[in-house]
Amino acid sequence: MLLTFSGPEGPDTHAQEVRLLRNVWRFILFVALPLVCLRILFTGKVLSGGMVAMLNLALVGLGIRYALQTARVALATHILCWGLLIVLSIQCAIATGIRSPAVMGYPVVLTLAGWLQGRRAAMLMLAVTLIWFGGMTLWDDVFWHGSSFRSAGAYWIAVTLVCGVATILALHVAESNQRKHETERLAAEELARHLVELRETRDKLATLFYLNPIPVSVTRLEDGAYCDANPAWSRVSGWSHEELIGKTSTELGIWLSAEDREAFADTLRRDGHTFNYLVRFRMRNGEVRHFLISADAVEYEGHPSIFSTFVDITERRVAEESLEHLNAELEQRVAERTQSLTETLDTLRRAQDELVQSDKLASLGSLVAGVAHELNTPIGNAVLIASTLAQDMRAVQGALQSGELRKSALESFIGDTDHAIGLLDHSLTQARDLVSSFKQVAIDQSSERRRSFALEELVHDICETVRPGLRNHNWRLETALVPGVQMDSYPGPLGQVITNLLQNAFFHGLQESVPGLVSIETRLVDEEQIEISVSDNGRGIPPENLGLIFDPFFTTRLGQGGSGLGLSIVYRLVTTLLGGRISVDSTPGEGTRFTVVLPCKAPVST
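Each residue of the sequence shown is one higher than the last, beginning at 49 in the numbering used here.
What follows is the structure, given as structure tokens:
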């Protein structure tokens, strides 16, 4: 069938079909049957074809009503179409066959069948009709004896063509209606689905709007009249929903000034939205609170409106203001403390400079003590030789005056004198070299004058001034120097660095009663840099102290003559004035190695 009228498949179509069938059986019972009855009354023919048609129509109407009462719509359509076809056929058989005027009802019935029952039923009824027409044509001369001016075959051809065209048109119209109905049905289903989705979305949005803990409102853009507001905004503002709706924010006094509200509206007119717009609102109780508004311009009930959400930041603003005030106080305190610390730091720097100078003088004093001790031997030898030579000379002079001078005594005096002069020359030369080395080291360490010098000579002079202090210990000092290295730097600070590293190795690294070795080595890193290393085979440095040895006043010999400034001075001189870097490697029980890398040409100090 082209149109299906079962309840589950299409309730609207089912209702239309039921209404149509009801109208049909009502028409049959209350219009067609009365008309047939009137004809019988006027003609007086009770047992005529009209009487038979009346009975058939009555049966069709009752069948349709029965089928509708039993909710069998498809049966009702079959009864209608086939019942009308049978009524027409009986009418034609009783009357003049194919020449009967009732034949003109066949196209109507076929059209109705095609529209109600579809292509298959219409074609079946058309085939039955054509067979019936053929039979009536063949039996025309036998039963009805039609007029001779037109043959039964001509009637058959005309009626067949009309019925076929009617059926085809009915099917075309029915299928077009079906497609249209199907399209409308699908569109209606899609529209219904969209309506359901829109209804669900509306309900969800309404739920979110009213249950949202964040205050939300909808106001008209032009005058700020409230269109809607959720309970959260009523709780925060103090106005109930009924008091807000229809009133403008200016009338309620929520905005502190109309200019503030207009500036906010101008922003939305220009940008269409705003995010975290800072405002101040007056609540119903008169309290002024700070809010961040995020809003969008929307259409609401046909009016340009503002959908706004509010975040109350009053407590945060109070905290920020308190924090700003506290920061201002802290800045003032920091400035005061900074000034005090600056003064203290200047004092500490002066004290450190004085301690550094004292450390220099102490280091120089230890050098003086060592050199003085070393000079005692050659000078004492020279004095002893000179006094012995003077005594021998007086003895020779006395023998000469007394005339008792013998040749052998003179020759012995001359030989002793020559030997004494050699010893005297050796002792004084030794003293002169020692004084010369000490003089150069003392001059360099007492000044920060820049000059060109040979690194090998500088290290040699320092070692010569240090060695005298090692005589009372079972310690050795060895050097492995690269010859010919010329430096344009500060020999005094460099000498102090080497001296402090040597003293640190001897008096902190080595043990008093254990033989020890300290080595100084130099190595060219490249054409512009030299590496100086001072190593010992002593006790080493504990791992926990490696990161502290260059800190000022750090010492493991507190109260035993250690100031804690030696390595700090070394680090400062190497990394600043000399423009180099220093590192340390140590293994407890195996010794320590300090490595200094310096440029051969020191940077220009400012």
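Heads up, the beta-carbon is just placed ideally off N, CA and C, and yes, glycines get one too.
Residue i (DSSP reduced to helix, strand or coil)
i	result
I127	helix
L518	helix
E569	strand
R641	strand
F598	coil
E526	strand
T322	strand
C275	strand
V121	helix
D360	strand
S288	coil
S581	strand
S494	Interpretation of S494 is limited by its pLDDT of 49, a score under 50 that renders its predicted location unreliable; the figure taken from the coordinates is listed afterwards. Coil.
D536	strand
G586	coil
R330	strand
K295	coil
G58	Below a pLDDT of 50, predicted positions are generally treated as unreliable, and G58, at 43, falls in that range; no measurement from the model is reported.
I354	strand
G446	helix
G301	coil
Contacts around residue i, its chain only, beta-carbon distance under 7 Å, and the 5 residues preceding and following it disregarded
i	result
Y258	N278, P279
N324	L340, S342
G298	Residue identity differs from the one stated: residue 298 is Thr in this sequence, not Gly. G272, A306, R309, listed in sequence order.
P541	E496, L621, L625, L626
S148	Q139, C140
Own chain residues within Cβ distance below 8 Å of residue i, not counting five before or after
i	result
S500	Q534, M535, D536
P636	R587, G588, I589, P590, P591
G294	A273, Y274
L256	none
Residue i to residue j span [Cα, whole Å]
i	j	result
Y114	L174	26 Å
A141	E238	52 Å
I138	L116	25 Å
I433	D509	28 Å
G639	G463	53 Å
R241	D251	15 Å
E649	V618	Sequence check: residue 649 is Lys here, not Glu. When rounded, the distance between both Cα atoms is 18 Å.
L476	I427	7 Å
G111	M184	28 Å
R309	E377	36 Å
L253	S288	21 Å
V652	V622	14 Å
E291	I262	19 Å
N624	V366	Just to set this straight, residue 624 is Thr in the shown sequence, not Asn. About 50 Å.
I179	A235	43 Å
L316	V244	33 Å
E575	V545	22 Å
V156	L186	24 Å
D599	S631	14 Å
L389	Q380	14 Å
E363	E384	31 Å
W303	R337	11 Å
A169	L136	17 Å
Own chain partners of residue i with C-beta closer than 6 Å, once the 5 adjacent residues on each side are dropped
i	result
L646	I578, L626, G628
L549	V582, F642
R268	H351, S353
V444	F461
L123	A115
N552	G614
V514	L550
R233	none
G557	D584, G586, T640
Span of the beta strand (DSSP E) around residue i
i	result
H338	336-348
R672	No information on residue 672 is available, as it lies outside the stretch 49 to 654 that the chain covers here.
L174	Careful: L174 lies outside any beta strand (DSSP E), inside the alpha helix (DSSP H) at 167-186.
A502	499-502
Residue interval of the alpha helix (DSSP H) (run including residue i)
i	result
E560	Run containing E560: none; DSSP gives neither H nor E here.
T547	539-552
S616	614-620
T267	It is not in any alpha helix (DSSP H) - T267 instead sits in the beta strand (DSSP E) that spans 264-268.
Short CB-CB distance (under 7 Å) between residue i and chain B
i	result
S567	No chain B is part of this structure, which consists of one protein chain only.
Counting pairs of Cβ atoms below 8 Å between the region 552-570 and the region 523-533, do you hit three or more?
yes
For the region 366-376 and the region 344-357, state whether three or more C-beta atom pairs, one from each stretch, are separated by less than 8 Å.
no
Assess, as a yes-or-no matter, whether the region 321-332 is touched by the region 278-292 under the definition of 3 or more beta carbon pairs within less than 8 Å.
yes
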